[in-house]
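A.B. asks: Quick note on the numbering used here: the sequence shown kicks off at 1209 and runs consecutively.
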Amino acid sequence: MKCHICEFRCNIENSKIGSCGMYQNINGQITERFKNSYLFVNPISIETQPMLHFFVNHKFLQIGSVGCNFKCEGCVSNIFVKYIDIYKNAFKKLSAQEIVQKALEENCKGISFGINEPTMHYFSLLELAKIAKENKLLFGISTNLYYTKESLFQLIKYLDFVNVGLKGYTKETYRKFCKAPDSKPVYRNIVYLFKNNVYFEVSIVYSKGVENELINVAKFLSKLSKQIPLQIMRFIPFDKASGELEPSIKESENLVEELKKHLDYVYLFNSPGTKYLDTNSDNFDIKRSFYGPMGAHIISIKGKPNCIIGDISKKDYEEDGFFGGYRITRALEMVIGILNALNVTDKKTIASVITEILKDKTFLNFFHETQDDINSNLENYFDIVELLAKLSNANPKKLIDFYKEILDDIKLKRKKIDKKLKSYYVMGTPIFALNTHRFENKLTSFVGLEVLKLEKEGKPGINISKETLISYNPDIVFISGFISCKTEDFIDYCQNHNININATKYKKVYKLPFGWDFGSVEWIFGLMYIANVAYPHIYNFNIESKYFLFNNKKYTPLNKSFYTGIG
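In structure tokens, the structure reads:
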């Protein structure tokens, strides 16, 4: 029989499973394989979803699980989409009433489904949405909107808000990038949301070469309303996507300006420090900051915006550690990367480890603290390695000994430093400073560099004023290899904004290769790289030979995932 939930309309034989892996035909009835099964149930700020014009700054309960009907190249959530069976023993079984009760206990404004595709949990969400409405909670989803007319008709009466994740404009793009038959059902459903007064914002990934697709999307939306917010997600090549598809922040900002010819509100994500996360006019001003992949957080609100749906919360909510939004996807990638380095790649063992660490927040909280806490240092990373080795029955000695050899060498040599240089570590544009105690800055301080002391911190950092940067006047700048700008763009920005610092004057601006700082098991190479360029008269590591010893191969940054694979 045909599945009626999404427009793939799989023909599923009795006892068989559909192409998404999430629905089964049981005696002539389409059933959800993992009903009421979730991996994540955490409070978030709504901007982390992200929703930018809807009940601004309010706390929502975000739920998420596994599975998707699309197969998008470089998806931020691929780790939860491709490996469904790895997570099935880690599910939290929660009834709709239990989730609603948790939302009420947490004083949430509503419930939001994100991380993976909600189409995969249709029956669970339909029941949850009904009970949420009965309890006067708002309910919304982040979705590719590939629903059939009949399934969306049932769900739409309970939806208060939707983040529509577009993959492009044409049928050809949908077929190429997400293996979906056509784009028409999505645009049909957007019109359906609009006509039924369901509030929605649209997000779309911007990768190199698809500029005309995004312009056509903006034109389409403008015919419905010029006030529909459009979120541009600068493409970050996760999983096996090519790094050549990643546009620069500068290129992305230029595209946003073009799109603003058609829509009043166009925003740019995955670009730390950009001004294009802000909402402003003569009467109001909302400033936002980068908050991990696909997310934002409120910095300040002035005036009363007339484009905002619902009231604005005066009290903001700060998520714990890796929890909330898409940062959890990166956290589990980091875990699998360490397991890979311990020669653990088989699905059964990885599934066992993932199940264990998702039972509660203890491990992931500990993992986050080792990398972004005032009381942690580089050696604390060994504790994480040893714990994961224990859970996977692996031997951590070779990996830890490799780390220790380099650290001991640096400890010995840094005694020769007679005058510390000032370092500045950024992600994205020059004004987005990484937290003082974040792992990247632990690397720089370890080799004997001075670090910028921030009065406030964010996740993973904050925007600083150009006056602060000029006053600090760093001798050397390091740009994160994860979400970054080109060194030439950094220098151009400083020149265009009259930011005169020693680092640009003497061309001491360095972009780290991806995977050589925060999050990656290969941070030890970033440490050697920083040491070499900061104090070349003291350090002289042969990184290429060390890398071969570590991984039995040369460094080949194919994408920006923190793991090489799962067997």
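Note that CB positions come from ideal geometry on N, CA and C, so glycine has one too. Remember, it's a predicted structure, so these values are computed and weren't measured experimentally.
Less than 9 Å between the beta carbons of LEU1463 and GLU1419, yes or no?
C.D. replies: yes
A.B. asks: Would you call MET1209 buried or exposed, if buried means 16 or more other Cβ atoms sit within 10 Å of its Cβ?
C.D. replies: Under this definition MET1209 is an exposed residue.
A.B. asks: Pick out whichever of GLY1518, ASP1580 and LYS1379 has its Cα sitting closest to the Cα of GLY1786.
C.D. replies: Since the displayed the chain opens at 1209 and closes at 1775, residue 1786 lies outside it and no answer follows.
A.B. asks: Looking only at C-alpha atoms, which of PRO1393, LYS1612 and SER1359 sits nearest to ILE1732?
C.D. replies: Of PRO1393, LYS1612 and SER1359, the residue nearest in Cα terms is LYS1612.
A.B. asks: Which first and last residues belong to the alpha helix (DSSP H) in which LYS1650 is found?
C.D. replies: 1647 to 1654
A.B. asks: Contact check, HIS1705 vs LYS1674 under 8 Å by CB: the rounded distance?
C.D. replies: Rounded, the Cβ-Cβ distance is 6 Å, consistent with contact.
A.B. asks: Let me check understanding here. Comparing Cα to Cα, which of PHE1268, HIS1261, PRO1638 and PHE1756 lies closest to SER1253?
C.D. replies: Measuring C-alpha to C-alpha distances from SER1253 to each of PHE1268, HIS1261, PRO1638 and PHE1756 identifies PHE1268 as the nearest.
A.B. asks: I'd like to check one pair, ALA1597 with ALA1298: are the Cβ atoms closer than 9 Å?
C.D. replies: no
A.B. asks: When you compare the stretch 1235 to 1246 with the stretch 1299 to 1315, are there three or more beta-carbon pairs, one atom per stretch, that lie closer than 8 Å?
C.D. replies: Contact holds: three or more Cβ-Cβ distances are below 8 Å.
A.B. asks: For the pair the stretch 1314 to 1330 and the stretch 1348 to 1359, tell me if three or more CB-CB distances fall below 8 Å.
C.D. replies: The count of Cβ pairs closer than 8 Å, one atom from the stretch 1314 to 1330 and one from the stretch 1348 to 1359, reaches three, so the stretches are in contact.
A.B. asks: Residues in the same chain with beta-carbon distance under 8 Å from LYS1555, minus the five sequence neighbours each way, listed in chain order, please.
C.D. replies: TYR1291, ASP1293, ILE1294, ILE1774 and GLY1775
A.B. asks: Identify the continuous alpha helix (DSSP H) that holds GLU1452 and give its terminal residues.
C.D. replies: Taken as a continuous stretch (DSSP letters only), GLU1452 belongs to no alpha helix (DSSP H), as it is neither H nor E.
A.B. asks: Taking the C-alpha atoms as reference points, what is the distance between ARG1241 and PRO1721?
C.D. replies: 41 Å
A.B. asks: Return yes when the Cβ of TYR1632 is within less than 9 Å of the Cβ of PRO1668, no when it is not.
C.D. replies: The Cβ atoms of PRO1668 and TYR1632 lie no closer than 9 Å to each other.
A.B. asks: For TYR1589, which of ASP1490, ASP1493 and PHE1726 has the nearest alpha-carbon?
C.D. replies: PHE1726
A.B. asks: Let me make sure I understand the geometry here. Which of PHE1640, TYR1743 and ALA1549 has the alpha-carbon closest to that of LYS1605?
C.D. replies: ALA1549
A.B. asks: What are the partner residues of GLU1658, as DSSP defines its beta bridges?
C.D. replies: LYS1630
A.B. asks: Leaving out five residues on either side along the sequence, give the residues of the same chain with a beta carbon under 7 Å from the beta carbon of LYS1650.
C.D. replies: Leaving aside the five residues that flank LYS1650 on each side, the residues in its chain whose CB is nearer than 7 Å to its CB run, in chain order, ASN1585 and LEU1586.
A.B. asks: What is the residue span of the alpha helix (DSSP H) that LYS1522 lies within?
C.D. replies: It is not in any alpha helix (DSSP H) - LYS1522 carries neither H nor E in the DSSP assignment.
A.B. asks: Within 10 angstroms of the Cβ of GLY1236, are there 16 or more other Cβ atoms? Answer buried if so, exposed if not.
C.D. replies: Exposed: under 16 other Cβ atoms inside 10 Å.
A.B. asks: Curious, which full-length beta strand (DSSP E) runs of at least 3 residues does the stretch 1426 to 1482 contain?
C.D. replies: 1438 to 1442 and 1474 to 1477
A.B. asks: Thinking C-beta only, is GLU1730 closer than 9 Å to ASN1710?
C.D. replies: no
A.B. asks: Hey, TYR1395 and LEU1260 are a contact pair by Cβ (cut 8 Å); roughly how many whole angstroms apart?
C.D. replies: Their Cβ separation, rounded to whole angstroms, is 22 Å, which puts TYR1395 and LEU1260 out of contact at 8 Å.
A.B. asks: State whether the stretch 1613 to 1623 contacts the stretch 1734 to 1747, with contact taken as three or more CB pairs (one from each stretch) at a distance under 8 Å.
C.D. replies: yes
A.B. asks: On the criterion of 16 or more Cβ atoms from any shown chain inside 10 Å, does TYR1714 qualify as buried, or is it exposed?
C.D. replies: exposed
A.B. asks: What is the DSSP secondary structure of ASP1493, reduced to helix, strand or coil?
C.D. replies: strand
A.B. asks: Give every residue of the same chain whose Cβ lies closer than 6 Å to the Cβ of PHE1530, excluding the five residues on either side of it in the sequence, and list them in chain order.
C.D. replies: ILE1536, ALA1539, LEU1572 and HIS1576
A.B. asks: Looking only at its chain, what residues have a beta carbon closer than 7 Å to the beta carbon of ILE1738, apart from the 5 residues adjacent to it on each side?
C.D. replies: LEU1651, THR1652, VAL1655 and PHE1686
A.B. asks: Going by DSSP, name the residue or residues bridged to LEU1642.
C.D. replies: GLY1669
A.B. asks: Pick helix, strand or coil for ILE1709, following the three-state DSSP scheme.
C.D. replies: coil
A.B. asks: Taking 9 Å as the cut-off, decide whether the C-beta atoms of GLU1255 and TYR1499 are in contact.
C.D. replies: Their beta carbons are under 9 Å apart, which means GLU1255 touches TYR1499 by this criterion.
A.B. asks: Please determine, among GLN1703, TYR1414 and HIS1329, the residue with the shortest C-alpha to C-alpha distance to ILE1444.
C.D. replies: Among GLN1703, TYR1414 and HIS1329, the Cα nearest to that of ILE1444 belongs to TYR1414.
A.B. asks: For ASP1447, is the classification buried or exposed, using 16 other Cβ atoms within 10 angstroms of its Cβ as the cut-off for buried?
C.D. replies: It is buried - the Cβ of ASP1447 has at least 16 other Cβ atoms within 10 Å.
A.B. asks: May I ask which residues mark the beginning and end of the alpha helix (DSSP H) holding PHE1358?
C.D. replies: The question names Phe, but residue 1358 is Glu in the sequence shown. GLU1358 -> alpha helix (DSSP H) spans 1357 to 1364.
A.B. asks: What is the residue span of the alpha helix (DSSP H) that PRO1393 lies within?
C.D. replies: 1392 to 1403
A.B. asks: Using the Cα positions of THR1378 and PRO1638, report the straight-line distance between them to the nearest angstrom.
C.D. replies: 36 Å
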